[in-house]
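**Q** What follows is a structure written as structure tokens; I'll ask about it next.
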Amino acid sequence: MIFEKLRRKIITTICITLVCFMNSMSVYGISDSDYENFNPVNIQKIMDAGHIEIETGKASEYQLNVDMNTMGLGKGYYTAYLYENQHRDWSNYEAMSFYISNESDNTIRINMDVKRSDGKVFSPSDNSNIVVKRETSEMLEKMQPSFGTIELPQGFKGRIYMPFNSFKEKGANSESTFNGITQITSWGIIATLPENDKGRFSLSNFQLINKESSIEYYLNSDISIKGDNIVEIPVVGESISEYRTNETNKNVKFELLDSMDGVSINENGRLSVKPDVEAQNIRISAVLDNRLIEIMDVQLIKSWTLSAREVDGTSKSIPRPEEISNILSNNDKFILSEKFLNSVRIIACIICAAFATLYWWWKREKNNKTS
484 MIFEKLRRKI ITTICITLVC FMNSMSVYGI SDSDYENFNP VNIQKIMDAG HIEIETGKAS
544 EYQLNVDMNT MGLGKGYYTA YLYENQHRDW SNYEAMSFYI SNESDNTIRI NMDVKRSDGK
604 VFSPSDNSNI VVKRETSEML EKMQPSFGTI ELPQGFKGRI YMPFNSFKEK GANSESTFNG
664 ITQITSWGII ATLPENDKGR FSLSNFQLIN KESSIEYYLN SDISIKGDNI VEIPVVGESI
724 SEYRTNETNK NVKFELLDSM DGVSINENGR LSVKPDVEAQ NIRISAVLDN RLIEIMDVQL
784 IKSWTLSARE VDGTSKSIPR PEEISNILSN NDKFILSEKF LNSVRIIACI ICAAFATLYW
844 WWKREKNNKT S
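Under the numbering used here, the first residue of the sequence shown is numbered 484, with each subsequent residue one higher.
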């Protein structure tokens, strides 16, 4: 009885230990020491056209509810700007972070900028890094602005990280970095909307991320995927394409974001495409330390040989097995069948054996007559 109780306690302890270990491996929260809460003061609004309304909600937690309307406006994109005119010193921080919920029926596009005391304005530029953490995932995802903003899909809920080392001076061909964090006079959130649309989103839980935080490496990581962004679908066999990252000495695993028949990629970045796949766009991801995701769009296209022609007009494409014309009649197929060929071999062996037997019998009779 005592032994049975001891055995149960040991098994229970082992199970609890395993559960705790698994949870510690999969949950990546940041600690309170990694950030400081930050509440904006007297947020202002402006929009180049259309209409914008903001309201402050939740007395216990600073929240901005934003409504944009571009109904009836001409074709184009319209920008709203939510900003704070306040002197700030962010020299002890490496990023601004905030929670955003897209309650619109469509995507919204956002970014952030900062104005320095010398009048220069800085913002995450195209091809720089913004990091996103979706509410439904523990992973951090790298995104890069396109035309000055990042796109958040309908229903998006999550946290946006704006690393200060991604901020570049606004202006033609400018690469001046943001090195005046102690001289901030204003900052703001940019949102854009196309014509004849309505947008609604909320901003809350603003944070300043401390330097040397637990996520500093991932916020500043320059991991990128190298490889073909266009892959041909083979006519027969399979098409192979190799992908890699610039983080050669790190723990990186490749995955397909959306699984599908006929397309696969192994952990080392070897993409395989089978013939029956439809032309489409796929997304492959490189996962760093099971924490940070870098995504690359790959276009699958039909093989160029399908439309290429020889001088006489015949196709250059290798035919599929089912497209090969049948040049054998039923009699030809029977003659070349394994069963028929085996029968011929057996008959030939029997004939040879019969002739050998007759020859042996004749030889023996001849010898008997001679003697």
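All C-beta atoms, glycine included, are put in the ideal place defined by N, C-alpha and C. Just so it is clear, the structure is predicted and the values come from calculations on it, not from any experiment.
Closest to residue 724 by CA distance: which of 778, 769, 752 and 647 is it?
**A** The option with the nearest alpha carbon to residue 724 is 752.
**Q** If distances are taken between C-alpha atoms only, which option among 536, 598 and 754 comes closest to residue 665?
**A** Closest option to residue 665, Cα to Cα, is 598.
**Q** Does the Cβ of residue 580 have 16 or more other Cβ atoms within 10 Å, making it buried, or fewer, making it exposed?
**A** The residue is buried, with at least 16 neighbouring Cβ atoms inside 10 Å.
**Q** Jot down the residue ranges of each uninterrupted beta strand (DSSP E) in the segment 528-605, minimum 3 residues, whole runs only, in chain order.
**A** Segments of the beta strand (DSSP E) lying fully in the segment 528-605: 534-540, 546-552, 560-571, 576-585 and 591-599.
**Q** Less than 8 Å between the CB atoms is what I'm expecting for residue 635 and residue 716, so what's the real figure, rounded?
**A** Not confirmed; about 32 Å, so no contact.
**Q** For residue 524, which residues in the same chain have their Cβ closer than 8 Å to its Cβ, ignoring the five residues on either side in sequence?
**A** Only 567 and 569 meet the Cβ criterion.
**Q** Straight-line CA distance for residue 526 to residue 760?
**A** So the alpha carbons of these two residues sit roughly 51 Å apart.
**Q** Which runs of the beta strand (DSSP E), 3 residues or longer, sit entirely within the segment 733-767?
**A** Fully enclosed beta strand (DSSP E) runs of 3 or longer: 735-739, 746-748 and 753-756.
**Q** Pick out whichever of 746, 728, 738 and 733 has its Cα sitting closest to the Cα of residue 720.
**A** The shortest Cα separation from residue 720 among 746, 728, 738 and 733 belongs to 746.
**Q** Could you give the distance in angstroms between the alpha-carbon of residue 764 and the alpha-carbon of residue 610?
**A** The straight-line gap from Cα to Cα measures roughly 21 Å.
**Q** Is it true that the CB of residue 531 sits closer than 7 Å to the CB of residue 562?
**A** Closer than 7 Å, so yes.
**Q** Would you mind working out which of 770, 556 and 741 sits nearest residue 928, comparing C-alpha positions?
**A** Nothing can be reported for residue 928: it is not among the residues displayed for the chain, which extend from 484 to 854.
**Q** Going by the CB atoms, is the gap between residue 644 and residue 691 shorter than 7 Å?
**A** Their beta carbons are not under 7 Å apart, which means residue 691 does not touch residue 644 by this criterion.
**Q** I'd like the list of long-range same chain contacts for residue 425, defined as Cβ closer than 7 Å, with 5 residues on each side in sequence excluded.
**A** The displayed coordinates of the chain run from 484 to 854. Any statement about residue 425 would go beyond what the structure contains.
**Q** Ignoring anything shorter than 4 residues, give me the alpha helix (DSSP H) runs that lie fully in the segment 626-696, in order along the chain.
**A** For the segment 626-696, not a single whole alpha helix (DSSP H) run of length 4 or above is found.
**Q** Do the segment 610-624 and the segment 670-685 touch if we need at least three Cβ pairs shorter than 8 Å?
**A** No, the segment 610-624 does not touch the segment 670-685.
**Q** What did DSSP end up calling residue 516 once you bin it into helix, strand or coil?
**A** Helix.
**Q** Anyone know if the C-beta pair for residue 689 and residue 585 falls short of 7 Å?
**A** Against a cut-off of 7 Å, the Cβ pair of residue 585 and residue 689 comes out as no contact.
**Q** Does DSSP put residue 826 in a helix, a strand or coil?
**A** Looking at residue 826 - three-state DSSP - the assignment turns out to be helix.
**Q** Can you name, in chain order, every residue of its own chain whose Cβ lies under 6 Å from the Cβ of residue 565, other than the five neighbours on each side?
**A** Same-chain partners within the cutoff: 526, 528, 671 and 672.
**Q** Roughly how far, in whole angstroms, is the beta-carbon of residue 618 from the beta-carbon of residue 651, given that I think they are within contact range, below 8 Å?
**A** Actually they do not touch by this definition, with Cβ atoms about 29 Å apart.
**Q** Can you tell me where the alpha helix (DSSP H) holding residue 730 begins and where it ends?
**A** Where residue 730 is concerned, there is no enclosing alpha helix (DSSP H), given that its DSSP letter is neither H nor E.
**Q** Just verifying my parser: in three-state terms, what is the DSSP assignment at residue 833?
**A** Correct three-state label for residue 833: helix.
**Q** What residue range is occupied by the uninterrupted beta strand (DSSP E) comprising residue 783?
**A** First-last of the beta strand (DSSP E) with residue 783: 775-785.
**Q** Helix or strand or just coil, what does DSSP make of residue 699?
**A** In this structure, residue 699 counts as helix in the three-state DSSP scheme.
**Q** Who pairs with residue 617 in a beta bridge, going by DSSP?
**A** Per DSSP, 641.
**Q** Spatial neighbours of residue 427 within its chain, please: CB distance less than 7 Å, with the 5 preceding and 5 following residues excluded, ordered by chain position.
**A** Outside the displayed span of the chain (484 to 854) sits residue 427, for which this structure offers no information.
**Q** Starting from residue 715, trace the beta strand (DSSP E) both ways and give me its first and last residue.
**A** That run of the beta strand (DSSP E) goes 713-716.
**Q** Roughly how many whole angstroms lie between the Cα atoms of residue 772 and residue 733?
**A** So the two alpha carbons sit approximately 8 Å from each other.
**Q** To which residues of the same chain is residue 533 closer than 7 Å at the C-beta, ignoring the five residues directly before and after it?
**A** So the list reads 551, 552, 553, 556 and 561, once near-sequence residues are dropped.
**Q** Going along the chain, which residues of its own chain have a beta-carbon closer than 7 Å to the beta-carbon of residue 521, five neighbours each way excluded?
**A** The residues are 689, 690 and 691.
**Q** Kindly list the residues whose CB is nearer than 8 Å to the CB of residue 836, restricted to its own chain and excluding five residues on each side of it in sequence; keep chain order.
**A** Closer than 8 Å at Cβ, skipping near neighbours: no residue.
**Q** Work out the CA separation of residue 600 and residue 694 for me, nearest whole Å.
**A** The straight-line gap from Cα to Cα measures roughly 23 Å.
**Q** Quick one: Cα of residue 718 to Cα of residue 736, how far?
**A** So the two alpha carbons sit approximately 29 Å from each other.
**Q** So what does residue 607 bridge to, in DSSP terms?
**A** In DSSP, residue 607 forms a bridge with 650.
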